[in-house]
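Mind the numbering: the sequence shown is residues 5 to 212 in this note's numbering, read in order.
Using N, Cα and C, we set each Cβ at its ideal position, and we do this for glycine too.
As the structure is a computational prediction, the values presented were derived from the model and not from experiment.
Here the structure is laid out as structure tokens; the discussion comes afterwards.
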Amino acid sequence: NDLLSHATARIGRRSDLAASTVSFYVNQAYQEIAQAEPGALLETIVVSSTTSGENRPSLPANMMELINLSWLTTNAVASGQTLRRAGLERCDSAGFLPLAKPQEYVLFSNWVELWPSPDSAYSLQLRYYAYPSDMTLGTAVPSLASEWRPAILYLAEAFLHEYVGNDLEGASARARYAGLATSLKGIAARRQASSDMRASLPLRPSRY
Numbered sequence: 005n006d007l008l009s010h011a012t013a014r015i016g017r018r019s020d021l022a023a024s025t026v027s028f029y030v031n032q033a034y035q036e037i038a039q040a041e042p043g044a045l046l047e048t049i050v051v052s053s054t055t056s057g058e059n060r061p062s063l064p065a066n067m068m069e070l071i072n073l074s075w076l077t078t079n080a081v082a083s084g085q086t087l088r089r090a091g092l093e094r095c096d097s098a099g100f101l102p103l104a105k106p107q108e109y110v111l112f113s114n115w116v117e118l119w120p121s122p123d124s125a126y127s128l129q130l131r132y133y134a135y136p137s138d139m140t141l142g143t144a145v146p147s148l149a150s151e152w153r154p155a156i157l158y159l160a161e162a163f164l165h166e167y168v169g170n171d172l173e174g175a176s177a178r179a180r181y182a183g184l185a186t187s188l189k190g191i192a193a194r195r196q197a198s199s200d201m202r203a204s205l206p207l208r209p210s211r212y
């Protein structure tokens, strides 16, 4: 894709670099940036159901970071409720019985443990950031907002310079990456800017 060809060009179109090497470092830069600043294109929702007594629903294989876990419905009553994340030690100490409507959860291995264990079938909604898929096809594009693509390019350039021993050029590329990355707004900042999350300071009434 374009990122691979531009990264190759930026380090001097070295003929000793295999395309697979350039692809590896471009994808490494992509993964690193996506984990540091996941965007809306990586947000995913999965809906699943529990059964009575079973408190370990599996997590999605591509889950990078959990956003929240909530009920869509509880028994036959349509209602929503966000579950609280709890400490594993406290839940283990308290035990997962008797069966009841779960209020909290803990993350462990490749599943989520509901606390207490569910006493019935519940519908769960899990919001999470997914790991980005490696870009392998020539037409593949990163699952990040367009303004983050130059950041991937600069970081990949830094990786490639370091790979061939050009430490000074690698440091310069990292500086360009850091300067750009700090200037860009993350998804949380964008949403806050577009919402009514503003503060005002009312003036004190005059005493005179």
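Here the C-alpha atom of L70 lies approximately 4 Å from the C-alpha atom of Y132.
When C-alpha distances from N59 are compared across Y181, E161 and Q107, the shortest belongs to Q107.
Going by DSSP, F112 is part of the beta strand (DSSP E) stretching over E108 to F112.
By the neighbour-count definition (other C-beta atoms within 10 Å, threshold 16), N72 is an exposed residue.
Excluding five sequence positions before and after A90, the CB atoms of its chain that fall closer than 8 Å to its own CB belong to E108, Y109, V110 and W119, given in chain order. Put simply, the region 156-174 does not touch the region 39-46. Fewer than three CB pairs are less than 8 Å apart. The C-beta separation of V168 from R17 comes to about 12 Å, leaving the pair out of contact by the 8 Å criterion. Comparing alpha carbon positions, the residue from S52, I37 and V30 closest to L184 is I37. CA-CA distance, D20 to R153, rounds to 25 Å.
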